Amino acid sequence: MSHTNNKLYIGLTLLMSLLILGTFPSYSGPFLTMCAIQVFIYVAAAQMWSFLAGHLGVISLGQQAFIGMGMYTLAILNEIYKWPLSVSMILSGLAGAVIAAVVSLSFLRLRGFYFAVATILVAETLSNLFRNWTFVGASTGMRLSVGYEIPVNVIYYVACALSALSILTVYCFHSSKLGFAIRAIGCDEDAASEIGVNTFACKAYCFIVSGFITGLTGAVFTLQTMFVHPQAGFGFEWGLALVFISVIGGMGTIMGPVIGSIIYVTLRNILSGYMGLSLLLQGALCIAILTVAPEGVWGLISKYVRKRFKIPFFI
Amino acid sequence: MEEWPMILNLLIRGLLFGGFLSLAACGLSLGFQLGFINASHGDMAVLAAYISWILLTTFGIDPLFSLVMVSPMMVLIGLILQKLLLNRFLLKGNMDVVLIVTFALGMCIRNSLQILFSANNRSLSQPYMVQGLSIGPLVIPLPYLIDFTIASAMFMILHLFFVKTFAGRALRAVPQNLEAAMMLGVKPETSYIYAMGIMALTQAVFGVLMGSTYVFNPNSGMAYLLLPISAIMLGGLGSLKKTFIGGLILGEILILCGYFIGSEYQLVACYLIALMLILFKPEGLLTRRS
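Chains as they are written, first to last, in numbering that gives the first Met the number 0: chain A, 0 to 314; chain B, 0 to 289.
Listed below in structure tokens is the structure:
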């Protein structure tokens with residue numbers, strides 16, 4: 000009985016959110032639509048980071064490598080070689096996946112911070128290479144003219160679909176057979192490998208999927224900004240943004256990055272004239288949350304709901 | 000044959016620069032051995048350089064002399080940080096959280112510096128430093144020589160600390176065998192605080208010297224995190240000597256790549272070598288695989 004009720008609730012919530020999100024650009028102004036696009040982009044990338052860090056203990060501080068690869072692949076294929084946009088978008092996701100595959104096959108066997116260090120080094124190496132590559136405009140970057148032709152509403156729906164894809168992927172990770180292996184690794188990696196979980200393959204698989212989705216995120220981000228630049232793609236701001244969003248919202252939850260992204264985009268747009276202050280505040284908030292409430296905002300909310308209303312509350 | 004003095008000059012410069020870089024690596028390698036990584040390492044050096052810059056511009060204190068004031072300040076900052084913030088996570092064994100916290104901390108330092116001092120390049124360079132010692136055909140830049148001398152002196156002091164004092168020996172014992180060390184009366188939290196003290200001290204000295212040799216801006220920190228990491232990858236963990244030699248090799252790589260390939264690919268070459276080492280020989284070039 001409660002099971003069917005649960006399904007009904009989930010279905011209703013999904014329908015409601017589909018209605019609200021689907022009609023959002025028609026009644027909100029251009030500014031709010033732009034904010035929503037940003038939220039979707041950050042949700043898509045942070046969902047992946049949060050999943051990797053929260054469930055698999057894979058801390059990657061170099062997700063900007065995938066963002067940048069996605070951006071540049073789109074720009075090179077679409078702007079220079081004039082390939083169709085959809086093909087270039089898919090290929091930019093694949094470019095992220097390829098980098099992720101190289102990184103994970105080489106470095107995922109290393110425990111702890113060696114992997115984090117390797118991801119930073121990969122991102123910085125790519126950043127330096129693209130900064131000196133005159134074919135793509137070196138450090139001045141290049142323009143993506145296709146961005147001017149696409150109406151904002153289309154970008155909105157694309158970004159929305161992307162973040163839905165990201166959330167769905169994480170949900171599938173949880174509920175599939177792979178989910179058991181992931182949960183086992185999250186509890187105790189050694190024990191998991193003792194009972195026959197191929198921890199390396201499991202982590203590598205998730206990391207490569209995260210590379211694909213983060214690469215796509217980079218491509219969608221470029222559609223919105225219409226500009227490709229080494230600092231915009233490979234900048235450490237991405238790394239901090241993903242860490243901030245996941246930590247504030249709650250690592251390893253699905254709703255966490257959504258809440259975190261909304262907080263992040265709000266903060267950024269309020270303090271848009273004071274970039275330094277906004278980044279400083281993000282860093283400080285991140286430290287404060289980790290010290291005071293490591294489970295994040297969503298963790299606090301679900302704890303409260305569980306206590307107050309005595310209903311199980313997952314996600 | 001007329002190229003030889005040039006190449007010899009480059010080699011000497013690489014050695015001097017490498018010895019200087021290994022100063023930044025030794026604090027980081029201490030953290031590595033204790034199981035955590037301080038991602039705000041480079042930003043601490045830049046912070047020290049800015050403190051020295053304030054002392055220089057407002058009070059006219061010479062950068063080299065300001066070391067006497069900057070070092071205690073940085074050590075104090077480091078100790079407070081460790082005691083109030085990082086020990087909390089370290090003692091619970093949350094090494095990943097330490098990584099994220101220090102990453103966020105680095106972002107805080109970088110952006111507060113940017114708000115306070117703008118993103119312009121600054122320098123602590125003094126007229127008497129911009130000279131070269133010429134011995135026959137060899138020209139040794141004076142700032143490099145000063146950096147190297149002070150770095151070597153720091154290494155000697157640290158070596159004495161690790162060998163002669165109880166705190167130093169305790170610090171070496173904690174990564175080797177925590178339980179045995181605790182049985183002998185070593186408190187890990189005290190060791191962590193000492194490690195951070197050393198880290199902050201070396202970064203203060205490194206930062207001020209770096210500022211007087213090169214230009215710096217609030218965003219210079221990342222290179223001074225990744226270069227020492229590369230030095231540690233080259234030398235391997237375990238002892239000051241390995242870190243020092245790793246730094247020397249890295250210095251040679253940087254200077255030679257800068258000359259023969261071009262300075263824009265200097266860092267790329269260095270990061271690629273570090274990545275290769277992480278991949279094929281994570282214990283470092285100098286450690287034999289057992």
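Heads up, the beta-carbon is just placed ideally off N, CA and C, and yes, glycines get one too.
Every value quoted in this text rests on a predicted model; they were computed, and no experiment measured them.
In terms of residues, what are the limits of the alpha helix (DSSP H) holding residue i?
| i | result |
| --- | --- |
| B/Val204 | Pro187 to Thr212 |
| A/Ser301 | Gly295 to Phe308 |
| B/Gly246 | Leu239 to Phe259 |
| B/His40 | His40 to Ile53 |
| A/Thr72 | Gln63 to Leu73 |
| A/Met274 | Met274 to Val291 |
| A/Phe211 | Thr198 to Thr224 |
| B/Ser229 | Gly220 to Gly234 |
| A/Asp189 | Glu188 to Glu193 |
| A/Tyr263 | Met254 to Ile269 |
| A/Val242 | Phe235 to Gly248 |
| B/Pro4 | Trp3 to Leu33 |
| A/Ala52 | A/Ala52 -> no alpha helix (DSSP H), and no H or E assigned at all. |
| B/Glu178 | Leu177 to Met182 |
Taking 8 Å as the threshold (C-beta atoms), are residue j and residue i in contact?
| i | j | result |
| --- | --- | --- |
| B/Leu20 | B/Met153 | no |
| B/Leu177 | B/Gly235 | no |
| B/Cys25 | B/Leu239 | yes |
| A/Gly95 | A/Gly214 | yes |
| B/Leu208 | B/Ile149 | yes |
| A/Gly282 | A/Leu241 | no |
| A/Ile286 | A/Leu222 | no |
| A/Gly259 | A/Ile244 | yes |
| A/Phe220 | A/Ile40 | yes |
| A/Ser174 | A/Ile212 | no |
| B/Leu33 | B/Ala194 | yes |
| B/Met73 | B/Ala199 | yes |
| A/Phe235 | A/Gln63 | yes |
Can you tell me the Cβ-Cβ gap for residue i and residue j, rounded? I've got them flagged as a contact below 8 Å.
| i | j | result |
| --- | --- | --- |
| A/Gly185 | A/Leu55 | 7 Å |
| B/Ile277 | B/Met232 | 6 Å |
| A/Ser43 | A/Gly210 | In the sequence under discussion, the amino acid at residue 43 of chain A is Ala, which differs from the Ser named in the question. That pair is no contact at about 13 Å. |
| A/Leu90 | A/Thr72 | 6 Å |
| A/Gly322 | B/Ile50 | The requested residue 322 of chain A does not occur in the structure, where chain A is confined to residues 0 to 314. |
| B/Ser211 | B/Gln125 | 7 Å |
| B/Gly13 | B/Leu225 | Going by Cβ atoms, the distance from B/Gly13 to B/Leu225 rounds to 18 Å, so no, they are not a contact pair. |
| B/Ala268 | B/Ile260 | 6 Å |
| B/Phe215 | B/Ala48 | 5 Å |
| B/Tyr270 | B/Ser219 | Not confirmed; about 16 Å, so no contact. |
| A/Val246 | A/Ile288 | 6 Å |
| B/Phe35 | B/Val129 | Actually they do not touch by this definition, with Cβ atoms about 39 Å apart. |
| A/Leu107 | A/Phe206 | 7 Å |
| A/Ser126 | A/Gly67 | 7 Å |
Take the Cβ of residue i as the centre, count every other Cβ of all protein chains shown within 10 Å, and call the residue buried at 16 or more, exposed below.
| i | result |
| --- | --- |
| A/Met0 | Unreliable positioning characterises A/Met0 in this predicted model, as indicated by a pLDDT of 42, which lies under 50. A coordinate reading is not provided. |
| A/Val151 | exposed |
| A/Val121 | buried |
| A/Gly298 | buried |
| B/Gln175 | exposed |
| A/Asn5 | exposed |
| B/Ser111 | buried |
| A/Met225 | exposed |
| A/Asp187 | exposed |
| B/Val67 | exposed |
| A/Ile75 | buried |
| A/Cys171 | exposed |
| B/Leu89 | buried |
| A/Pro24 | buried |
| A/Tyr8 | exposed |
| A/Leu14 | exposed |
| A/Met70 | buried |
| A/Gly195 | exposed |
| B/Pro217 | buried |
| B/Asp146 | buried |
| A/Ser271 | exposed |
| A/Phe112 | buried |
| B/Ile6 | exposed |
| A/Val208 | buried |
| B/Glu2 | exposed |
| A/Ile317 | For residue 317 of chain A there is no data in the structure shown, the boundaries of chain A being 0 and 314. |
- request: Can you check the region 0 to 49 of chain A for any alpha helix (DSSP H) of at least 4 residues that lies completely inside it and give the ranges in chain order?
  value: 1 to 26
message: So within the region 84 to 151 of chain A, which uninterrupted beta strand (DSSP E) runs reach at least 3 residues, ignoring any that extend past its ends?
response: none
- prompt: In chain order, which beta strand (DSSP E) runs of at least 3 residues are fully inside the region 107 to 144 of chain B?
  reply: 131 to 134 and 137 to 140
field: Runs of alpha helix (DSSP H) wholly within the region 57 to 91 of chain B (minimum 4 residues, chain order)
entry: 62 to 80 and 86 to 89
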